[in-house]
Amino acid sequence: MIRKFFAQAYIWLLLIILYAPILFIAVFSFTESKVLGNWTGFSTKLYENLTQGSLDGGSSLMSALQNTLIIAVVAAALSTLLGTMAAIGMFYLRGGKKKAITFMNNIPIINPDIITGVSLFLLFIFMRITQGYTSVILAHITFCTPYVVLSVLPKMSQMNPNIYEAARDLGATQFQALRKVVIPQLIPGMVSGFILAFTMSLDDFAVTFFTRGTIGLDTLSTYIYADARKGGLTPELRPLMTIIFLTILVLLIIINIRQQRLAQRNELKK
Amino acid sequence: MGKENHIIEINHLSKSYGGTEVLKDINLYINKGEFITILGPSGCGKTTLLRLIGGFSNPDSGEIIMDGKDISGTPPHLRPLNTVFQKYALFPHLDVYDNVAFGLKLAHVPEDEIDKRVRKMLKMVSMSDYEDRDIDSLSGGQQQRVAIARALANMPKVLLLDEPLSALDAKMRKDMQIELKELHKKMGITFIFVTHDQEEALTMSDTIVVMKEGRIQQIGTPVDIYNEPVNEFVANFIGESNILDATMIEDRKVNFIGHDFECVDEGFGNDVPVDVVIRPEDIYIMKQLAGAQFSGKVTSCTFKGVFYEIFVQTDNDYELMIQDYNPFEIGSEVGMLIKPQDIQVMHKSCTRNEMDAEVIDDTHLRIFGEEFECKSLGEGHEAGSKVRVGVNFNKIDLQDNQEDGILWGEVANLLYKGDHYHLLIRIDTGEDLLVDTNDIWDKGDLVGIKIAPKDIKIIG
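Residue numbers (my numbering), protein chains in the order written: chain U, 13 to 282; chain C, 4 to 463.
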């Protein structure tokens with residue numbers, strides 16, 4: 013009994029410590045105080061400010077949010093395309109070549125962000141690529157693509173290798189076979205690769221910081237960094253963080269329920 | 004049957020993968036409407052041959068002629084043939100209907116025509132009620148039917164089947180064999196069927212092509228192949244058999260298991276070593292010795308459903324396998340009889356091992372890169388000169404420990420020949436040695452190889 017109690021308490025303690033910071037922000041998003049930690053009574057003013065865009069320097073916060081989302085969507089989409097093609101190619105490689113490419117694919121994942129950022133910064137200057145939207149998106153594609161490769165490759169291995177040949181046999185050209193038969197098998201891997209790439213891009217700071225140039229392009233992370241250095245966080249960040257967290261939470265729950273249903277359906281069929 | 008009846012002709016087809024020759028100079032023609040089976044153990048090249056016909060890989064040399072045109076370089080989607088794959092290879096994201104309609108949609112067949120044909124195909128394989136089902140919800144046998152319907156929906160001239168029944172359980176396999184055979188009759192198109200199951204081949208085919216190590220061993224009707232195998236490999240692979248060393252004494256007379264027998268074969272010459280094959284059901288066994296050609300003692304008798312499988316130790320100590328409808332008591336004396344037409348005489352592929360050797364000195368030879376002692380070579384053999392040596396099958400000494408031999412190798416194949424084992428040893432350099440021995444070895448055993456000096460004979 014006592015053992016069980018302690019075991020339960022331990023888990024709850026862990027969860028509380030883990031989620032306390034987010035909870036803290038969520039709670040204080042419902043008060044107007046400029047300084048985090050000062051409770052000045054319940055209010056939804058910050059949420060109103062956020063939705064109406066009427067906050068001090070708030071337009072830059074909203075544009076940073078907008079930039080972040082555009083960059084994340086574009087980078088994730090292009091990485092998904094690139095990574096899927098790479099995974100298909102890598103799957104059919106043999107022996108040493110396959111090992112070499114897989115190894116090279118893993119380097120950007122373990123490479124510290126700061127090194128990726130600085131080296132890309134130098135590369136863009138060397139190649140005279142205008143620093144701004146383009147360079148940030150290119151940089152994000154660089155570190156997102158390996159994650160897509162890693163989530164698509166297992167789907168290739170799970171696929172019956174004969175189905176591509178079966179499609180060719182039934183009259184499909186190489187491209188038709190790829191589009192009508194192979195890609196549909198890879199979609200679950202591509203979706204999780206996209207989500208992974210999207211979140212990687214969303215919360216990147218180091219690489220963005222080095223590749224955004226001097227035109228004043230801000231994403232959420234660079235905005236918050238600059239904001240914090242100016243002295244104190246804009247209070248409207250609190251409701252924004254809360255909304256982002258809740259959105260992701262809801263998304264996660266939906267994905268989990270869907271997977272469970274799929275698994276149940278497969279179970280029933282058998 | 005004339006050439007105009009050939010739907011596919013294969014000439015001098017060869018294919019290697021990474022330095023290993025998988026197919027060696029394959030020549031074969033296939034008649035229109037024929038059910039032809041390519042049969043052989045795994046690794047014999049049968050699937051490679053099918054993949055070359057299907058267009059999934061390209062030959063190194065040779066041609067595949069279909070309707071007068073060499074198609075060996077044509078991509079698979081332009082070949083007028085379709086394939087049923089070993090693991091079905093159905094498209095898991097499409098339902099049964101869309102799987103069958105896949106090829107027709109690609110060919111832009113009108114919608115109503117697609118509908119008609121898909122329904123017809125599904126009806127033909129008795130899957131009409133499953134149109135909307137997901138592939139994953141079907142059993143193996145049902146998936147197999149859908150795969151066949153899908154391949155036939157394109158109205159191919161030739162249907163290729165790559166071990167399509169190997170993943171089904173025994174009962175299901177038997178049912179599908181009959182259904183496939185009926186389907187073949189109904190459709191009237193050519194079926195090329197690949198299998199390693201000799202029983203399947205015998206039941207279903209019009210023609211069987213037996214393959215071994217990338218070469219065709221024999222082509223013939225099931226009855227021909229069963230009754231008149233051309234060599235010990237075919238005899239051993241197809242059905243149960245007694246394969247025995249024999250001597251052709253003269254035309255129509257052969258000696259084996261220590262007795263002379265009348266047979267129907269001629270033209271082998273006199274006193275020539277041969278192999279004979281006798282099917283277990285072709286040996287007549289009886290309780291009395293009167294009228295028997297030879298006698299023996301029953302060592303085991305097992306009921307096999309329709310017949311009894313009986314092992315007999317003959318009067319000259321050979322072991323024979325016999326199938327009979329009647330049981331015989333273990334230990335009892337029996338008489339046996341073999342009719343002349345039931346004795347199949349085959350040429351031996353060789354009667355001793357022959358190989359190249361290099362003279363080291365008067366009493367030493369280098370064979371397969373190792374030094375062997377031999378009898379004095381005498382005059383006229385310079386060090387470094389090349390000679391040809393012969394070693395009889397029964398003069399090669401096999402050792403348990405690889406280190407005890409001068410060479411080492413692996414038992415690649417073995418065959419019981421009534422009173423001894425006939426082994427094929429693949430030595431580490433890739434060459435083969437044939438060995439007759441009374442010791443029992445298993446396939447895959449590693450052995451050391453020794454040859455006594457007096458048994459190495461210079462033959463040229």
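Here a beta-carbon is modelled for each residue, glycine too, at the ideal position from N, C-alpha and C.
Simplified DSSP assignment, three categories, for residue i
{"i": "U:N174", "result": "helix"}
{"i": "C:K300", "result": "strand"}
{"i": "C:M158", "result": "coil"}
{"i": "C:D73", "result": "strand"}
{"i": "C:D101", "result": "helix"}
{"i": "C:P456", "result": "helix"}
{"i": "C:M324", "result": "strand"}
{"i": "C:I29", "result": "strand"}
{"i": "C:G393", "result": "strand"}
{"i": "C:Q291", "result": "coil"}
{"i": "U:V262", "result": "helix"}
{"i": "C:M358", "result": "strand"}
{"i": "C:M4", "result": "Here C:M4 scores only 49 on pLDDT, less than 50, and its place in the model should not be relied on; the value that follows carries that caveat. DSSP places C:M4 in coil when its eight states are reduced to three."}
{"i": "C:G261", "result": "coil"}
{"i": "U:P158", "result": "helix"}
{"i": "U:Q20", "result": "helix"}
{"i": "U:M13", "result": "coil"}
{"i": "C:G92", "result": "For the record, residue 92 of chain C in the displayed sequence is Ala; it is not Gly. C:A92: coil per DSSP, three-state reduction."}
{"i": "U:I195", "result": "helix"}
{"i": "U:F221", "result": "helix"}
{"i": "C:Q146", "result": "helix"}
{"i": "U:L208", "result": "helix"}
Distance, residue j Cα to residue i Cα
{"i": "C:M127", "j": "C:Y133", "result": "13 Å"}
{"i": "C:M4", "j": "C:G36", "result": "Bear in mind that the predicted position of C:M4 carries a pLDDT of just 49, short of 50, making it too unreliable to give a figure here."}
{"i": "C:N30", "j": "C:N14", "result": "5 Å"}
{"i": "U:T56", "j": "U:T43", "result": "7 Å"}
{"i": "U:L249", "j": "U:N79", "result": "16 Å"}
{"i": "C:E385", "j": "C:T366", "result": "12 Å"}
{"i": "U:R180", "j": "C:G46", "result": "25 Å"}
{"i": "C:G334", "j": "C:P44", "result": "37 Å"}
{"i": "C:F105", "j": "U:K167", "result": "22 Å"}
{"i": "C:K188", "j": "C:S75", "result": "28 Å"}
{"i": "C:S19", "j": "C:D135", "result": "43 Å"}
{"i": "U:I83", "j": "U:F222", "result": "15 Å"}
{"i": "C:L107", "j": "C:K119", "result": "11 Å"}
{"i": "C:F314", "j": "C:Y229", "result": "21 Å"}
{"i": "C:R374", "j": "C:K177", "result": "Reading off the sequence, residue 374 of chain C comes out as Glu, not Arg. If I take the Cα positions, the gap works out to 55 Å."}
{"i": "C:D448", "j": "C:T354", "result": "24 Å"}
{"i": "C:A110", "j": "U:L162", "result": "36 Å"}
{"i": "U:L165", "j": "U:N172", "result": "13 Å"}
{"i": "U:L214", "j": "U:V85", "result": "9 Å"}
Chain U contact residues for residue i, given Cβ-Cβ distances below 8 Å
{"i": "C:A110", "result": "G183"}
{"i": "C:T86", "result": "E177, A178, D181"}
{"i": "C:N157", "result": "L182, G183"}
C-beta atoms of residue i and residue j nearer than 8 Å
{"i": "C:V280", "j": "C:Q201", "result": "no"}
{"i": "C:L436", "j": "C:I399", "result": "yes"}
{"i": "C:K446", "j": "C:M214", "result": "no"}
{"i": "C:L183", "j": "C:N85", "result": "no"}
{"i": "U:V160", "j": "U:T96", "result": "yes"}
{"i": "C:G217", "j": "C:L171", "result": "no"}
{"i": "C:M175", "j": "C:A152", "result": "no"}
Of the residues the options, the one placed nearest residue i, counting alpha carbons only
{"i": "C:V99", "options": "C:V233, C:I288, C:N85, C:R148", "result": "C:R148"}
{"i": "C:A360", "options": "C:I370, C:C353, C:K351, C:T366", "result": "C:I370"}
{"i": "C:H423", "options": "C:I260, C:I222, C:D172", "result": "C:I260"}
{"i": "C:A156", "options": "C:G272, C:F38, C:P83", "result": "C:P83"}
{"i": "C:L53", "options": "C:V450, C:V337, C:V87, C:M124", "result": "C:V87"}
Contacts that residue i makes with chain U (C-beta to C-beta distance below 9 Å)
{"i": "C:P113", "result": "What C:P113 touches in chain U: nothing, since even the nearest Cβ is about 16 Å away."}
{"i": "C:F105", "result": "A178, A179, L182, G183, A184, K192, V193"}
Interface residues of chain C facing residue i [CB-CB closer than 9 Å]
{"i": "U:P196", "result": "F94, P95, H96, L97"}
{"i": "U:Q188", "result": "H80, L109"}
Closer than 7 Å at the beta carbon, the chain C residues around residue i
{"i": "U:N172", "result": "K90, A92"}
{"i": "U:V193", "result": "F94"}
Partners in chain U for residue i, counting only beta-carbon separations shorter than 7 Å
{"i": "C:H384", "result": "Ordered by position in chain U, no residue passes the 7 Å Cβ test against C:H384, which lies about 47 Å from the chain."}
{"i": "C:G57", "result": "D181"}
Any non-hydrogen atom of the ligand PLP closer than 7 Å to residue i Cβ
{"i": "C:T23", "result": "For the ligand PLP, the structure offers nothing, since it holds no ligand at all."}
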